[in-house]
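Visitor: For the sequence shown, the working numbering assigns the number 10 to the initial residue and increments by one for each residue that follows. For glycine and all other residues, C-beta sits at the position ideal for the given N, C-alpha and C. Note that the structure is predicted; figures quoted are calculated from it, not measured. Sharing a structure below in structure tokens format, with a few things to ask.
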Amino acid sequence: MNPDIAPEPLIFVDLETTGANFANDRIIEIGIVEVDQQGSREWSSLVNPGTPVSEFIAGLTGITSAMVSTAPRFEQLAPLVLEKLQGRLFIAHNARFDYTFLKREFKRLGIDFRAPNLCTVKLSRKLFPEHHRHSLDALLERHAITVGDRHRALADAQVLRDLWQCWHELLPAATISNAIEVIVGRPDLPAQLDPALIDDLPEAPGAYAMYGQHGNVLLIKRSTNIRQQVFAHFAPGKRETALVRDTWRIAWREAAGELGARLRELELSAATRKPLDDLCSWQLIQHGEGDFRPQLVNSRDVDFSLANDLFGLYMNRREAIHALRKLSEAHRLCHSQIGLGTGKPGEACIGFKQKTCRGVCVGKEAVSLHSARLMMALAKFKLSEWPFAGPVALIERDEFGMREDYHLISFWRHLGTVHDEAALHDLLEIRSEIRFDPDIYRIINKFLKAGKVRVLPLPRP
Numbered sequence: 010m011n012p013d014i015a016p017e018p019l020i021f022v023d024l025e026t027t028g029a030n031f032a033n034d035r036i037i038e039i040g041i042v043e044v045d046q047q048g049s050r051e052w053s054s055l056v057n058p059g060t061p062v063s064e065f066i067a068g069l070t071g072i073t074s075a076m077v078s079t080a081p082r083f084e085q086l087a088p089l090v091l092e093k094l095q096g097r098l099f100i101a102h103n104a105r106f107d108y109t110f111l112k113r114e115f116k117r118l119g120i121d122f123r124a125p126n127l128c129t130v131k132l133s134r135k136l137f138p139e140h141h142r143h144s145l146d147a148l149l150e151r152h153a154i155t156v157g158d159r160h161r162a163l164a165d166a167q168v169l170r171d172l173w174q175c176w177h178e179l180l181p182a183a184t185i186s187n188a189i190e191v192i193v194g195r196p197d198l199p200a201q202l203d204p205a206l207i208d209d210l211p212e213a214p215g216a217y218a219m220y221g222q223h224g225n226v227l228l229i230k231r232s233t234n235i236r237q238q239v240f241a242h243f244a245p246g247k248r249e250t251a252l253v254r255d256t257w258r259i260a261w262r263e264a265a266g267e268l269g270a271r272l273r274e275l276e277l278s279a280a281t282r283k284p285l286d287d288l289c290s291w292q293l294i295q296h297g298e299g300d301f302r303p304q305l306v307n308s309r310d311v312d313f314s315l316a317n318d319l320f321g322l323y324m325n326r327r328e329a330i331h332a333l334r335k336l337s338e339a340h341r342l343c344h345s346q347i348g349l350g351t352g353k354p355g356e357a358c359i360g361f362k363q364k365t366c367r368g369v370c371v372g373k374e375a376v377s378l379h380s381a382r383l384m385m386a387l388a389k390f391k392l393s394e395w396p397f398a399g400p401v402a403l404i405e406r407d408e409f410g411m412r413e414d415y416h417l418i419s420f421w422r423h424l425g426t427v428h429d430e431a432a433l434h435d436l437l438e439i440r441s442e443i444r445f446d447p448d449i450y451r452i453i454n455k456f457l458k459a460g461k462v463r464v465l466p467l468p469r470p
């Protein structure tokens with residue numbers, strides 16, 4: 010074995026599973042290729058998952074329920090698998106999938122498995138940025154590597170080894186090792202932080218929070234890659250910043266995509282956000298024929314999730330009055346007519362005296378015309394009406410198809426997130442009391458208008 014290809018012990022791993030859900034699915038086959046300077050050794054085994062293998066998985070892999078029914082369970086294989094994995098760089102295609110499945114299987118047995126892991130998807134992107142496709146099938150085609158039994162664990166682990174050798178024939182060893190260092194590099198954490206963070210932080214979208222010694226919030230941020238973003242805080246040159254020195258704990262919440270990351274960010278910041286008790290909006294009230302005037306309404310009195318005649322969202326009365334005053338100045342609206350002035354009927358408002366009002370207060374402009382101009386000025390601030398007949402699930406799937414989030418939204422209210430359709434209806438029954446939240450409204454409205462998520466309509470409870 011060329012020492013440049015395996016300067017340290019490597020292990021190429023592939024798993025076949027009953028599905029892509031880390032919590033519910035199980036391993037049905039393990040394939041391992043060990044590589045070091047003494048050579049290459051292969052091992053594989055079917056695994057009894059304790060659950061039926063679906064027709065879809067059987068069709069994809071050729072592994073049936075009958076085949077795994079007599080296979081050893083994972084706990085029987087765990088000592089041997091752990092022995093093979095320890096002390097080696099764990100290499101897999103979409104490594105998060107294989108690594109997380111194994112980590113969870115070991116955790117069920119009370120074993121805290123950790124290993125440096127390298128994803129060949131990410132390595133391929135680093136080494137060959139001119140290419141856009143980095144699936145295993147695309148890489149095998151690009152490098153003319155043949156595989157005997159695709160979607161079987163050992164065969165896929167073997168082609169990863171072949172791919173590794175191919176890359177070392179095409180590129181200098183230093184180029185590959187530098188790329189690996191960027192991907193696998195592990196920061197030096199401050200002494201007060203648990204070193205287990207290095208392995209626990211997920212390479213997934215979501216949000217994270219950094220806390221001080223006494224639980225005070227230092228930073229809350231969303232990211233497309235939590236692990237990468239957190240590690241960036243501890244990169245060389247940043248270790249002496251106040252944020253790094255003061256951080257004693259880091260918490261995070263994963264998501265399947267951008268929408269979920271934004272919702273997770275709001276969840277983490279719940280304790281630091283302004284209360285919604287004084288949330289208010291403007292509502293147009295008709296005082297007479299053609300005479301419409303704004304009236305401030307509070308979310309305690311009006312259900313903002315159901316109302317379809319509200320304009321703007323403001324955290325308190327003062328903020329709302331300030332916004333209306335700016336609007337009146339920009340559109341030459343009458344202070345008295347919109348409730349900002351205290352003048353008597355028929356008396357000129359302060360705006361008319363300053364020539365910023367067209368004179369509806371003194372009869373120089375028709376009330377109906379002023380109302381029309383007011384409506385036009387407010388139009389862009391109108392809250393969107395809920396566009397569905399009832400609640401919906403907004404569905405996001407991560408880039409590897411390993412996580413699916415069902416965000417349950419009912420009339421702009423986020424009732425919760427689950428990971429399969431079956432759990433939606435239970436959530437709908439127990440979470441109907443959630444209040445309207447302006448930040449969630451803005452996020453959901455933006456994603457719906459952009460068509461960025463799949464929508465699953467649900468029956469009203």
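First and last residue of the beta strand (DSSP E) that includes Gln292?
Guide: Residues Cys289 to Gly297.
Visitor: Of all the beta strand (DSSP E) runs that stay within the bounds of the region 65–127, which reach a length of 3 or more residues?
Guide: Here the runs fully enclosed are 98–101.
Visitor: Using a Cβ-Cβ cut-off of 6 Å (strictly less than) and excluding sequence neighbours within five positions of Leu392, which residues of its own chain qualify?
Guide: Counting only Cβ-Cβ distances below 6 Å, and skipping sequence neighbours, we find Leu319.
Visitor: Should Ala264 and Arg273 be called a contact, given that it needs their Cβ atoms to be closer than 8 Å?
Guide: Yes; because the gap between Cβ atoms is below 8 Å, this pair is in contact.
Visitor: Would you report the Cα separation of Asp287 and Lys335, rounded to the nearest angstrom?
Guide: Going by the C-alpha atoms only, they are around 21 Å apart.
Visitor: So what's Met10 in DSSP terms, helix, strand or just coil?
Guide: In this prediction, Met10 scores a pLDDT of 48, lower than 50, which makes its location untrustworthy; the coordinate-derived value is nonetheless stated afterwards. Three-state DSSP puts Met10 in coil, outside helix and strand.
Visitor: Could you check which residue in Gln47, Tyr415 and Val42 has the C-alpha nearest to that of Ser54?
Guide: Nearest of Gln47, Tyr415 and Val42 to Ser54, Cα basis: Val42.
Visitor: According to the neighbour-count rule (16 or more other Cβ atoms, all chains shown, within 10 Å of its Cβ), is Arg302 buried or exposed?
Guide: Result: buried.
Visitor: Can you check whether the CB of Ala218 is closer than 8 Å to the CB of Leu179?
Guide: Result no, Cβ atoms of Leu179 and Ala218 do not sit closer than 8 Å.
Visitor: Are the CB atoms of Pro400 and Leu417 nearer to each other than 8 Å?
Guide: It is a contact, given that the beta carbons lie within the stated cut-off.
Visitor: Nearest CA to the CA of Leu227: which residue from Asp414, Ala260 and Arg236?
Guide: The option with the nearest alpha carbon to Leu227 is Ala260.
Visitor: Within a Cβ cutoff of 7 Å, which residues of the same chain sit near Glu394, ignoring the five residues on either side of it in sequence?
Guide: Same-chain partners within the cutoff: Asn317.
Visitor: Which residue wins for smallest C-alpha separation from Val191, given the options Leu378, Ile443 and Phe240?
Guide: Checking every option, the nearest Cα to that of Val191 belongs to Phe240.
Visitor: Could you have a look at Phe420 and say whether DSSP puts it in helix, strand or coil?
Guide: It is coil, neither helix nor strand.
Visitor: For Met411, count neighbouring C-beta atoms within 10 Å of its own C-beta (all shown protein chains included) and say buried if the count is 16 or more, exposed if not.
Guide: It counts as buried.
Visitor: Applying the 10 Å Cβ sphere with the 16-neighbour rule, what's the burial state of Asn187?
Guide: Asn187 comes out exposed.
Visitor: Locate the beta strand (DSSP E) running through Ser232, then write down its first and last residues.
Guide: Element bounds for Ser232: Val226 to Ser232.
Visitor: Leaving out the 5 sequence neighbours to the left and right, which residues in its chain are closer than 8 Å to Leu424 when beta-carbon positions are compared?
Guide: Answer for Leu424: Pro400, Leu417, Ile418, Leu436, Leu437, Arg440, Ser441 and Ile443, listed in chain order.
Visitor: Taking 8 Å as the threshold, find out whether the region 107–117 comes into contact with the region 163–170 through three or more Cβ pairs.
Guide: These segments do not touch.
Visitor: For Asp197, count the other beta carbons within 10 Å of its own beta carbon; 16 or more makes it buried, fewer makes it exposed. Which is it?
Guide: Classification for Asp197: exposed.
Visitor: What are the boundary residues of the beta strand (DSSP E) that includes Gln238?
Guide: It is not in any beta strand (DSSP E) - Gln238 instead sits in the alpha helix (DSSP H) that spans Ile235 to His242.
Visitor: Mapping DSSP to helix, strand and coil, what is Lys455?
Guide: The answer is helix: DSSP assigns Lys455 an H, G or I state.
Visitor: Would you mind working out which of Arg117, Ser337 and His143 sits nearest Cys128, comparing C-alpha positions?
Guide: Of Arg117, Ser337 and His143, the residue nearest in Cα terms is His143.
Visitor: DSSP beta-bridge partners for Trp261?
Guide: Bridge partners of Trp261: Tyr217.
Visitor: Give me, in chain order, the residues of the same chain whose beta-carbon lies closer than 6 Å to that of Asp482; leave out the 5 immediate sequence neighbours on both sides.
Guide: Because the chain is modelled from 10 through 470, residue 482 falls outside the range shown and cannot be assessed.
Visitor: Along the alpha helix (DSSP H) that carries Asn307, what are the first and last residues, could you check?
Guide: Counting along the chain, Asn307 falls outside any alpha helix (DSSP H), though it belongs to the beta strand (DSSP E) covering Asp300 to Asn307.
Visitor: Between the C-alpha atoms of Val156 and Gly119, what's the straight-line distance to the nearest angstrom?
Guide: Cα to Cα, the separation comes out at about 36 Å.
Visitor: Answer yes or no: do Ile347 and Ser337 have a C-beta to C-beta separation smaller than 8 Å?
Guide: The answer is yes: Cβ separation under 8 Å.
Visitor: Going by DSSP in three states, Thr129 sits in which element: helix, strand or coil?
Guide: Correct three-state label for Thr129: helix.
Visitor: Can you give me the start and stop residues for the beta strand (DSSP E) that Glu43 sits inside?
Guide: Note, Glu43: beta strand (DSSP E), Ile36 to Asp45.
Visitor: Roughly how many angstroms lie between the CA atoms of Gly48 and Phe99, to the nearest whole one?
Guide: Using only the alpha carbons, I get a separation of about 17 Å.
Visitor: Suppose you measure from the CA of Arg97 to the CA of Pro284; what does that come to, to the nearest Å?
Guide: Using only the alpha carbons, I get a separation of about 50 Å.
Visitor: Could you please give the first and the last residue of the uninterrupted alpha helix (DSSP H) stretch that includes Arg1?
Guide: Any question about residue 1 goes unanswered here, given that the chain covers just 10 to 470.
Visitor: Starting from the C-beta of Pro204, find all residues in its chain whose C-beta is less than 7 Å away, skip the five residues before and the five after it, and write them out in chain order.
Guide: Excluding sequence neighbours, Pro204 sits near Leu198.
Visitor: If you check the beta carbons only, do Gly350 and Val371 fall under 8 Å apart?
Guide: Result no, Cβ atoms of Gly350 and Val371 do not sit closer than 8 Å.
Visitor: For Leu69, I'd like the list of residues in its chain whose CB is within less than 8 Å of its CB, leaving aside the five on either flank, ordered along the chain.
Guide: If we look at Leu69 and ignore the five residues flanking it on each side, its Cβ neighbours are His160.
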